[in-house]
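Chemist:
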Amino acid sequence: MLTVSRSIHIDAPVERVFALMADPLARSRLHPDAEPIRVEIEGGGPLRAGGVVHFRLQIGNRIADYRTRVRELDPARRIVSLSDSAVPFEVRIETEPEDRGTRLTQTETFEPSDDMLIETSVADSLTRKVLQVIEPLMPLFDPDYARRIRGRQEELLTQRLEKNLDRWLAAIKRHLEQKANGQD
Numbered sequence: 000m001l002t003v004s005r006s007i008h009i010d011a012p013v014e015r016v017f018a019l020m021a022d023p024l025a026r027s028r029l030h031p032d033a034e035p036i037r038v039e040i041e042g043g044g045p046l047r048a049g050g051v052v053h054f055r056l057q058i059g060n061r062i063a064d065y066r067t068r069v070r071e072l073d074p075a076r077r078i079v080s081l082s083d084s085a086v087p088f089e090v091r092i093e094t095e096p097e098d099r100g101t102r103l104t105q106t107e108t109f110e111p112s113d114d115m116l117i118e119t120s121v122a123d124s125l126t127r128k129v130l131q132v133i134e135p136l137m138p139l140f141d142p143d144y145a146r147r148i149r150g151r152q153e154e155l156l157t158q159r160l161e162k163n164l165d166r167w168l169a170a171i172k173r174h175l176e177q178k179a180n181g182q183d
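Residue numbers for the sequence shown, in numbering that gives the first Met the number 0: 0 to 183.
Now the structure itself:
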């Protein structure tokens, strides 16, 4: 399992930060790497425990289409959801008061697929194809090869996802702080 967790201080009240995070469409619109095509709470209404959110996002040249079920919702404190995507992931969003503002923390936990790990560590498709052929043979020559390579791939994937999450949280911070200063 991989866990990616990032936090940021936002100069805005907990209630405003949580309200944005509890609005899946508004939150998705601030993601610098994803363009929302469709984001809706099934059955309408506000986000609630047991509720399902359908996401259809353009991410680079691919479409991500999945649903998340809200497992836990503690108003102004925590949202925990679990996706039904090809690689299921849990997202935990937490807000807490901090220095006349809010500490926002987002934690994502998932078991990465082999494709995700290979894609992260190998940029070009020819090298990726060659590795897919020879990698199954490498443990015959080096028993620790698979463990070491997987560890390095997980490390690279974690670093990439941390950077992406940092950029998203920074966009959320800018949005909320501009609103607090009367800019929009």
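For glycine and all other residues, C-beta sits at the position ideal for the given N, C-alpha and C.
When you compare only the Cα positions, how much space is there between Ile92 and Lys128?
Modeler: Roughly 37 Å between the two C-alpha positions.
Chemist: Which of the three DSSP states, helix, strand or coil, is assigned to Leu116?
Modeler: Looking at Leu116 - three-state DSSP - the assignment turns out to be helix.
Chemist: With a threshold of 6 Å on Cβ separation, who are the neighbours of Val103 within its own chain once the five nearest residues in sequence on each side are excluded?
Modeler: In the sequence as displayed, the identity of residue 103 is Leu instead of Val. Result list for Leu103: Ile7, Ile9, Val16, Thr94, in chain order.
Chemist: Comparing alpha-carbon positions, which option in His174, Gly181, Glu176, Thr2 lies nearest Pro87?
Modeler: Of His174, Gly181, Glu176, Thr2, the residue nearest in Cα terms is Thr2.
Chemist: Cβ atoms of Leu29 and Ala170: under 7 Å apart, would you say?
Modeler: A contact, by the Cβ cut-off of 7 Å.
Chemist: Would DSSP call Val86 helix, strand or coil?
Modeler: Coil.
Chemist: When you compare only the Cα positions, how much space is there between Ala25 and Arg37?
Modeler: Spanning the two alpha carbons is a distance of roughly 12 Å.
Chemist: Judging by CA-CA distance, which residue of Ser112, Asn60, Thr106 is the nearest neighbour of Ala33?
Modeler: Out of Ser112, Asn60, Thr106, Asn60 has the C-alpha closest to the C-alpha of Ala33.
Chemist: Buried or exposed: where does Phe54 fall if 16 or more other Cβ atoms within 10 Å of its Cβ makes it buried?
Modeler: Buried is the call here.
Chemist: Considering only their Cβ atoms, is the gap separating Arg66 from Val51 smaller than 7 Å?
Modeler: Against a cut-off of 7 Å, the Cβ pair of Arg66 and Val51 comes out as a contact.
Chemist: Determine the DSSP secondary structure at Asp165, reduced to helix, strand or coil.
Modeler: Three-state DSSP puts Asp165 in a helix.
Chemist: Thinking C-alpha only, which one of Glu161, Glu154, Ser27 is nearest Arg5?
Modeler: The residue with the shortest Cα to Cα distance from Arg5 is Glu161.
Chemist: Less than 7 Å between the C-beta atoms of Tyr144 and Pro138, yes or no?
Modeler: Yes. Within cutoff.
Chemist: Quick check on this structure: which residue in Pro35, Val13, Leu46 has the alpha carbon closest to the alpha carbon of Asp22?
Modeler: Cα-wise, what sits closest to Asp22 is Leu46.
Chemist: Pull the bridge partners of Gly100 from the DSSP assignment, please.
Modeler: The partner list for Gly100 (beta bridge, DSSP) reads Glu97.
Chemist: Which of the three DSSP states, helix, strand or coil, is assigned to Glu34?
Modeler: Note: Glu34 maps to strand in three-state DSSP.
Chemist: Pull up the CB-CB distance for Leu164 and Gln105, whole angstroms please, since I reckon it's below 8 Å.
Modeler: Confirmed, about 6 Å.
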